[in-house]
Structures are given as C-alpha cells and as structure tokens.
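Under my numbering, the residue at position 89 of the sequence shown is numbered 94, and the numbers go up by one with no gaps.
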Amino acid sequence: MDIVFIRELRLPAWIGLYKHEKVAQQTIELDIEFGLPSDSVFKTGKVKDTIDYGTVSERIRSILDSERFGLVESLAECIAKLLLDEFQSPRVTITVTKLGVLKDAKRVGVRIERSSR
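Okay, structure coming up:
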C-alpha cells in the first residue's frame, strides 16, 4: 500500500480532562500516515488523484478550532474517521502526542491504526 505521511504537525488544541487543561489550549503534535485509495496519481501526476496533505492538515486544524477533546484517544479516533470517511483512505495510523505534561517525560500520547475494511 502506498502511504502519504505528515510528521510532527504541531497545532493548538483544546484537549484534556483536568481543570488546568480546560482553561487554555495546548500544543499537540500529530504524526499521520494514510494509504492512498488508488494508484491513479502515479499515472496522472494530478493532485486530484491523491490525498492532499495540505487539505488534510487544514481540515484537522478546523476540527481543533471548533471542538474540545477530553482524551487524546478521542482526538485520534476523530482524525482517523475523517481520513477514512471524507478522504476515502483505506488505512490510517494516527499518533497524537501531548508535550511536556509529565515531569519525567517529554511526550505522552496514543497511536491508533484503523482501516476501512
């Protein structure tokens, strides 16, 4: 399967369950991999035949601007569903990382894998 990826995409998000997490946005880091629905782009060279990573990143930014998430798992699932349903990717891997939330760890988060089958 051919994969498009976005690495270390840092965006502000309303995420968290604790009181201090509900008063200010946090910067999260996303690593995203998504399978192409077909190999047409290799024949045509046209962006319409692939999944445009710029469009994906803007859709995610829009979601983060308008929604609040309690758990990183919920955010990862939301992004996976977006890619599977709206962009028709057959398979996705999403990693959502919160930065600096534990004293002894640089990063904490979750990675999920989903497929349309």
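Each residue gets a CB set at the ideal place from its N, CA and C atoms; glycine is no exception.
Nearest candidate by alpha-carbon position, reference residue i, set the options
i    : options             : result
R12  : E26, F74, L35       : L35
A85  : V61, V106, E72      : V61
V46  : A81, R73, I8, C83   : I8
D44  : M6, D57, L14, R73   : M6
I117 : A81, R73, E91, G105 : A81
Q31  : S67, F74, E63       : F74
E63  : L87, V113, E78      : L87
Supposed contact pair residue j and residue i - C-beta distance, whole angstroms, cut 8 Å
i   : j    : result
I33 : L16  : 6 Å
L69 : S121 : Not a contact, Cβ separation roughly 23 Å.
F92 : I65  : At roughly 11 Å, the Cβ-Cβ gap does not stay under 8 Å, so F92 and I65 are not in contact.
Outcome for residue i when other beta-carbon atoms lying within 10 angstroms are tallied against a minimum of 16
i    : result
K108 : exposed
F10  : exposed
K103 : buried
A29  : exposed
S94  : buried
L5   : A query on residue 5 cannot be resolved here, the shown segment of the chain reaching from 6 to 122 and no further.
A110 : exposed
G59  : exposed
Residue i Cβ short of 6 Å to the ligand GTP heavy atom set
i  : result
I8 : You won't find the ligand GTP in this model; it holds no ligand whatsoever.
Any 3 or more C-beta pairs closer than 8 Å across the stretch 92-99 and the stretch 38-47
Under the Cβ criterion (8 Å, minimum of three pairs), the stretch 92-99 counts as touching the stretch 38-47.
If contact is defined by three or more beta carbon pairs under 8 Å, each pair taking one atom from either stretch, is the stretch 24-31 in contact with the stretch 49-56?
no
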